[in-house]
Each structure stands twice: as C-alpha cells, then as structure tokens.
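Trainee: Heads up, the sequence shown is in full-length UniProt numbering, so the first residue is 1 and it goes up one at a time.
Glycine is no exception: its CB is placed at the ideal position from the N, C-alpha and C atoms.
Mind having a look at this structure? Questions to follow.
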Amino acid sequence: MTTANTPVRPKSAIDAVADAYTEKLIELNPSFATTLGLPGHETEYQDYSPAGAAAHAEATRLALEALAGLEPSDDVDAVTLDAMRERLGLELEIHQSGWDAADLNNIASPAQDIRAIFDLMPTDTVEHWEHIAGRAANVPGAIEGYIASLRAAKDDRKVAAARQIRIVIEQTGRYAAEDGFFAKMAADASLGDAPLPAEVQDKLDAGTSAARSAYSALGAFLRDELLPVAPEKDAVGRERYSLASRSFIGAEVDLEETYAWGVQELERLISEQEKVAGQIKPGASIEEAKSILNNDPARQIKGTDALKAWMQELSDRAVSELADVHFDIPDVMKTLECMIAPTDEGGIYYTGPSDDFSRPGRMWWSVPAGEDTFTTWSETTTVFHEGVPGHHLQVATATYRRELLNNWRRNVCWVSGHGEGWALYAEQLMLELGYLKDPGDHMGMLDGQRMRAARVVFDIGVHLELPVPERWGTGTWTPEKGFDFLKANLDISEGQLQFEFTRYLGWPGQAPSYKVGQRLWEQIRAELESREGFDLKSFHSKALNIGSVGLDVLRRALLG
C-alpha cells in the first residue's frame, strides 16, 4: 500500500486518455461527481434523454479512438488498455442494441437512481441544504429526459416487462406520497437542533414538491402509456441475456455449462448445510437447525437501532483484527459506517468513500416495512461481504491507490462479477480464517452461498427457458416455477423474497455474476497456488491493487 516513501508512478499517454474520459463522464453525469464527493455539480443531473445517451456513446467512441495505436508503458498501462477496450467496447454494443433507452426495473434504473443520489448528499450546513433543494428542483428535468428515452425505446418496440413497470409505478407512488421520501426529507430538514433558515426551507419545500410532482408524472406515464404495450413475458432470451452477462461478468461464459455448474453447486451447498445442521443438533434437518437458531434469544436483535449497532461492532472488529495480518489496510480505510437506509425496499448494499475519504465507505440496510426483528446467525457473513474483507476493502483500496491507478481505474470501472465475486470469495475466506467457526454463523454463510447458487440456476434457467432440474420440477422454467424454487432455497422474509424475485427477472445477468465471479476468482487463486512461492496476503494485495476489471482482464493480469 501507499506510504510516504512510495514512488508516484508517472502518468502515461494511456492514463491521460483514461483521466480525460473520466472528466467527460463527470461532465455528462453530475451525480457521478456527488458519488465521488467532488464539488461543483451538486444540484445537477445528467441528461436522461436520447440526446444524453448519444452524447455518452460519442464520448466513449472518442476515447476508444484515442486509445488506438497507443502502446503500454508498463504493466499498469497494459491492464488499463485491456480493461478500457473491453468495457467501452461493450458499452457501445449495449447502446447500439437500443436496450439502454428502455432501462427500467425495481432496483437499478433511472427510476431509482434519480432519487437515490440524495442518500449521498451531506446535510450538515446551510449550503448543503441549498444544494439538496437545487437538485430536488431539477428532478423534473431528469424525469422528463427519462420519459423521453422510455418513449423512444417504446417506439422501437423495446419495453421492459409489465411486472417491472407495475412495481416501479408503486415505487414512484411512494416517492411522490405526502409521507414519502421527498416529503419526509423536507419535513425533517434541520441543522442539528436548529431549523433551516426560512428562505432555505422555502426552497427545499418548493424543490421537493416539484420532485414529487415529477415522480407522479412518471408514474402516470408508466401506467397510461408504457404498461398497455409492455410484454407480460419476463424472459429476455439468449441474445439480450448474453450481452447482459458479459456486461456483469467481464467474461464470456458458456451459459449452458454455467447453468449445469450452478445446479451442481447448489446440491453441494445443500449437502454442506445438512452436515452443519447435525452440528447444531445431532440428526437435525436444515429446517430444524434454522428453527433452533431463529429461536435462540442470544442470536436475535430487536429494532433497527440495535441492528445498526451490531453491524458496526462486528465490522469494526473485523477491520481491527484483519489489518496488517491478512490484509494491508491503511488508517484512512479503517472507518466504515453502518447505516439503516432511508428506504424500505429491501436489500443490503455498500457505497464507496468519497475520493478524498472525507465521506467514508458505508454499509446500508434497507429494511422492508414492518420488519423489526433480525437474526445474527444469518447476517454475520453479510457484514463481511459488504465490509471487510468484502466490498469496502476492495472499493476503498482502488480509491486509495491514487499514486498507481488513473481516475478511470480508481473510480469508474466497476464490474459486478469482479466485485460481487470478490465479496463471496471474502465470505469463504472468513470461514477459512476461522471467523465462522460457530455452527450458526457457518450455516448463515452457507445459506447466503446457497442463495447465490440458486440465483445462477433461476436467472439463466428462466431467461433462457432451460429445462428444470429433476429435483426441482419438470418441463422448462417459468417465473412461477422459479418463484417456488427460490422460496425453497432463499431463507428470507416474504417481502425480501418478492423483491429479489422481481429483481432477477428485471435485471438479467446480474444475479449470477456473484457466484460466477466467485468461481472465477477461486480458479485464478487455485492456478496461482499451484505455482512456487505463492503467498496469500501478497495475492490479495496484488489483486486488489488492480481495481475492479472484467474477470477475463483480471485473469490475464494475474496469470500472465
């Protein structure tokens, strides 16, 4: 890691192209500046219209042209060139497919992103609240651009499945409600114990009112114009799925082979769970063992405040014990905040630190409405997945390595299969290092891994309409068969199950990237372990210092 004596790597011509492209992306997408904690774009949104997408595609094309003919000056350059050609080339393929304009699902589309950026905006000063008021006032323009793209895609006969549209209509209704996100933000705004100045509160009230109206308009458009022409079929088919899979993994995999492996991996994990169940109580089934764990008062947490405190304590302990022993973790990366998300849509996620670490990395838990009891055995491994040695160590390391990596490598390039694959690898590693010796925590880790394996089977099976494995039914996959399959393999609440089911159907290729990414990470490590002089800590440092890249690029970088 960086020290006071670490030499700064000279910037190359390839770095210059990467950094210029990053600056252009910030110009085109001001919310990205907020994500990085960079000043100057606090009230703005990107152009979500077809013209905005075209401008982004043109910037991407020009960056690829600028890279043509450049030769790497060192190994870092070689990875940058490899990664940019793979990522940017794929972005252009997706744009040319036309499906980027139709982007709509229940978790990761402009419908959520336009609202979610407020979660990362500071609220400590009058100026901060002026920025929030200004951005809220610009929500209508962002929504209008998004509607224009959805309408253009509709005219091109590219429309998200009706299931996704219906759930987003519900979400927009909640955002626009009198007690929804924007209304609450305005009502709860303050400077600690003091109210906002009247003129700032007035601007905030006006801005959030405009944002609510814009989301109402989006909901009306979805209901009246898009839903009537939306396909009821959820499966996206091989061509679209293959493109999405490459996007999320950064590798081209044999989908049938990966599906068959997912079926086998699911069986292996169920067998492991059966063994651990016997450790919890001799002769117990998996379900009986989980019941014992769920009814153990020592493993229960009541209320979100207690949940947040438990997450923070476990996260802090992992950082303290792993630093300098199994990983290089500089002091600036040791702060990781555990948060309860301001939404109730389900899911646990991580947001990286600002570029200067003034805003630390954060682990967020979006608790579904009505849920207030949590079990530690099922979530211990989640804290390791989202925090250290999972996403926080991975993302923050790339951000920290300013003297080595250009800005595109540090802050822009993110490949789900690399990132989520690392996080699942981190879970398995914590078992290897002895942090999940408790049978309950081990059962929780296996439960999470089982869920990810089941997602490989469900996602590929449903979207490609493959045959259902004999253990789980007959015929070919349908969403209805898939829901029953998920219910049998995902031990989560009803609200979370509905959320996850809808997510997989609307975000094809993303869910398998976790387990497939882990598989590829473990294959790379196994290959290196077979070579003389392998050292685990050194492997982790070298791999993390590369930053997030496609897994084919990672394989070439680490294996040579």
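Would you identify the three-state DSSP class for Glu71, choosing helix, strand or coil?
Mentor: Indexing the sequence shown from 1 puts residue 71 at position 71. Note: Glu71 maps to coil in three-state DSSP.
Trainee: If you draw a straight line from the alpha carbon of Asp380 to that of Tyr259, how long is it in whole angstroms?
Mentor: If you number the sequence shown from 1, residue 380 lands on position 380. If you number the sequence shown from 1, residue 259 lands on position 259. One point to set straight first is that residue 380 is Thr, not Asp, in the sequence displayed. Distance between the alpha carbons of Thr380 and Tyr259: 28 angstroms.
Trainee: Runs of 4 residues minimum, wholly inside the region 176-218: which ones carry the alpha helix (DSSP H) assignment?
Mentor: Fully enclosed alpha helix (DSSP H) runs of 4 or longer: 181-188.
Trainee: Quick one, which of Leu558, Gly560, Leu559, Val553 has its alpha-carbon nearest Arg246's?
Mentor: Position 246 of the sequence shown, counted from the first residue, corresponds to residue 246. Checked all of Leu558, Gly560, Leu559, Val553; the closest Cα to Arg246 is Val553.
Trainee: Mind checking which residues open and close the alpha helix (DSSP H) that includes Leu336?
Mentor: As a working mapping, residue 336 is identified with position 336 in the sequence shown. Element bounds for Leu336: not the alpha helix (DSSP H) but the beta strand (DSSP E), 336-340.
Trainee: Can you tell me whether Val159 is buried or exposed, with buried defined as 16 or more other CB within 10 angstroms of its CB?
Mentor: Here residue 159 corresponds to residue number 159 of the sequence shown, with the count starting at 1. Counting Cβ neighbours within 10 Å, Val159 comes out buried, since at least 16 surround it.
Trainee: Comparing alpha-carbon positions, which option in Ala142, Gly440, Pro469 lies nearest Gly262?
Mentor: Your numbering for residue 262 matches position 262 in the sequence shown. The residue with the shortest Cα to Cα distance from Gly262 is Pro469.
Trainee: Out of curiosity, what's the CA-to-CA distance linking Asp324 and Ser538?
Mentor: The count along the sequence shown starts at 1 and reaches residue 324 at position 324. The count along the sequence shown starts at 1 and reaches residue 538 at position 538. One C-alpha to the other measures close to 12 angstroms.
Trainee: Nearest CA to the CA of residue 594: which residue from Ser358, Val367, Ile546?
Mentor: Lying before the first or after the last residue shown, residue 594 is absent from the chain, which here runs from 1 to 560.
Trainee: Are Ala423 and His392 touching if we call contact CB-CB under 7 angstroms?
Mentor: Here the question's residue 423 lines up with position 423 in the sequence shown. Here the question's residue 392 lines up with position 392 in the sequence shown. No, these two residues do not count as a Cβ contact at 7 angstroms.
Trainee: Assuming Val8 contacts Ile546 under a Cβ cut-off of 8 angstroms, what Cβ separation, rounded to an integer in Å, is found between them?
Mentor: Along the sequence shown, one-based indexing puts residue 8 at 8. Along the sequence shown, one-based indexing puts residue 546 at 546. That pair is no contact at about 18 angstroms.
Trainee: Find the nearest neighbour of Gly421 within the set Ala251, Glu232, Glu529, Thr476, judged by alpha-carbon distance.
Mentor: The count along the sequence shown starts at 1 and reaches residue 421 at position 421. The candidate whose alpha carbon is nearest that of Gly421 is Ala251.
Trainee: Taking the C-alpha atoms as reference points, what is the distance between Leu314 and Gly387?
Mentor: The sequence position of residue 314 within the sequence shown is 314, counting from 1. The sequence position of residue 387 within the sequence shown is 387, counting from 1. Each residue's alpha carbon lies about 10 angstroms from the other.
Trainee: Sorted by chain position, which residues of the same chain lie with C-beta nearer than 6 angstroms to Leu536's C-beta, five sequence neighbours on each side aside?
Mentor: The count along the sequence shown starts at 1 and reaches residue 536 at position 536. Nothing listed; no residue qualifies.
Trainee: Have a look at the DSSP bridge pairing and note the partners of Gln300.
Mentor: What you label residue 300 is simply residue 300 of the sequence shown in a count that begins at 1. Paired residue(s): Thr375.
Trainee: Which one or two residues does DSSP pair with Val361 in a beta bridge?
Mentor: Counting from 1 along the sequence shown, the entry for residue 361 is found at position 361. The residue asked about is misnamed: residue 361 is Gly in this sequence, not Val. DSSP, once it has assigned bridges, lists Leu336 as partnering Gly361.
Trainee: Based on the DSSP output, what are the partners of Thr351 in its beta bridges?
Mentor: Translated into the one-based positions of the sequence shown, residue 351 becomes position 351. Arg362, per the DSSP bridge assignment.
Trainee: For Ile114, which of Thr123, Ile143, His131, Met121 has the nearest alpha-carbon?
Mentor: Against the sequence shown, residue 114 aligns to sequence position 114. Among Thr123, Ile143, His131, Met121, the Cα nearest to that of Ile114 is on Ile143.
Trainee: Using the C-alpha atoms, what's the distance from Glu130 back to Pro140?
Mentor: In the sequence shown, counting from the first residue as 1, residue 140 sits at position 140. In the sequence shown, counting from the first residue as 1, residue 130 sits at position 130. Approximately 17 angstroms between the Cα atoms of the pair.
Trainee: Enumerate, from N- to C-terminal direction, the unbroken alpha helix (DSSP H) stretches of 4 or more residues contained entirely within the region 496-537.
Mentor: Here the runs fully enclosed are 512-529.
Trainee: Check each candidate in Leu466, Pro479, Ala369, Lys11 and name the one with the smallest Cα separation from Glu257.
Mentor: Counted from its first residue, the sequence shown places residue 257 at position 257. Ranking the options by Cα distance to Glu257, first place goes to Leu466.
Trainee: For Ala160, does the three-state DSSP call read helix, strand or coil?
Mentor: Against the sequence shown, residue 160 aligns to sequence position 160. Looking at Ala160 - three-state DSSP - the assignment turns out to be coil, as it is neither helix nor strand.
Trainee: Sort out for me which residues DSSP pairs Thr380 with in a bridge.
Mentor: Sequence index remark: in the sequence shown, residue 380 carries index 380 (1-based). Paired residues: none, contrary to the question.
Trainee: Report all residues from its chain with a CB closer than 6 angstroms to the CB of Thr2; omit the five preceding and five following residues, and keep chain order.
Mentor: Walking along the sequence shown from the start, residue 2 turns up at place 2. Here Thr2 scores only 43 on pLDDT, less than 50, and its place in the model should not be relied on; the value that follows carries that caveat. Closer than 6 angstroms at Cβ, skipping near neighbours: Glu403.
Trainee: Taking the alpha carbon of Ala20 as the point to measure from, which residue in Ala54, Ala63, Ala57 has its own alpha carbon closest?
Mentor: As a position in the sequence shown, residue 20 is number 20, starting the count at 1. Here the closest residue by C-alpha is Ala63.
Trainee: Could you tell me which uninterrupted alpha helix (DSSP H) segments, each at least 4 residues in length, are contained entirely in the region 95-149, listed from first to last along the chain?
Mentor: Counting whole runs of 4 or more residues, the region 95-149 contains the alpha helix (DSSP H) stretches 110-116, 126-137.
Trainee: If we ignore side chains and look at the alpha-carbon of each, how far apart do Gly506 and Lys334 end up?
Mentor: Along the sequence shown, one-based indexing puts residue 506 at 506. Along the sequence shown, one-based indexing puts residue 334 at 334. Roughly 35 angstroms between the two C-alpha positions.
Trainee: Considering only their Cβ atoms, is the gap separating Phe327 from Gln510 smaller than 7 angstroms?
Mentor: Residue numbering aside, residue 510 sits at position 510 when the sequence shown is read from its first letter. Residue numbering aside, residue 327 sits at position 327 when the sequence shown is read from its first letter. No.
Trainee: Can Asn489 and Ala454 be called in contact, C-beta distance under 7 angstroms?
Mentor: On the sequence shown, residue 489 is found 489 positions in, with the first residue counted as 1. On the sequence shown, residue 454 is found 454 positions in, with the first residue counted as 1. In this structure, Ala454 lies closer than 7 angstroms to Asn489 by Cβ.
Trainee: DSSP puts Thr476 in a beta bridge; with which residues?
Mentor: As a position in the sequence shown, residue 476 is number 476, starting the count at 1. Partner(s): Pro467.
Trainee: Identify whether Ala323 lies in helix, strand or coil by the three-state DSSP scheme.
Mentor: Locating residue 323 in the sequence shown gives position 323, counting from the first residue. DSSP places Ala323 in strand when its eight states are reduced to three.
Trainee: Determine the burial state of Lys203: buried for a count of at least 16 other Cβ atoms within 10 Å of its Cβ, exposed for fewer.
Mentor: Reading the sequence shown from its first residue, position 203 is the one you call residue 203. Per the 10 Å Cβ criterion, buried.
Trainee: DSSP three-state call for Gly262: helix, strand or coil?
Mentor: Taking the first residue of the sequence shown as 1, we reach residue 262 at position 262. Gly262 falls in the helix class under three-state DSSP.
Trainee: Closest to Thr375 by C-alpha separation, out of Ala318, Ser493, Pro342, Val412, would be which residue?
Mentor: Within the sequence shown, residue 375 is the residue found at index 375, counting from 1. Selected option, being the one with the closest Cα: Ser493.
Trainee: Return the chain-ordered list of same chain residues with a C-beta closer than 7 angstroms to the C-beta of Ala153, the five sequence neighbours on each side being excluded.
Mentor: Against the sequence shown, residue 153 aligns to sequence position 153. Taken in chain order, the residues that qualify are Gly98, Ala101, Ala102, Val159.
Trainee: Is His391 helix, strand or coil when you go by DSSP?
Mentor: Within the sequence shown, the letter at position 391 stands for residue 391. Three-state DSSP puts His391 in a helix.
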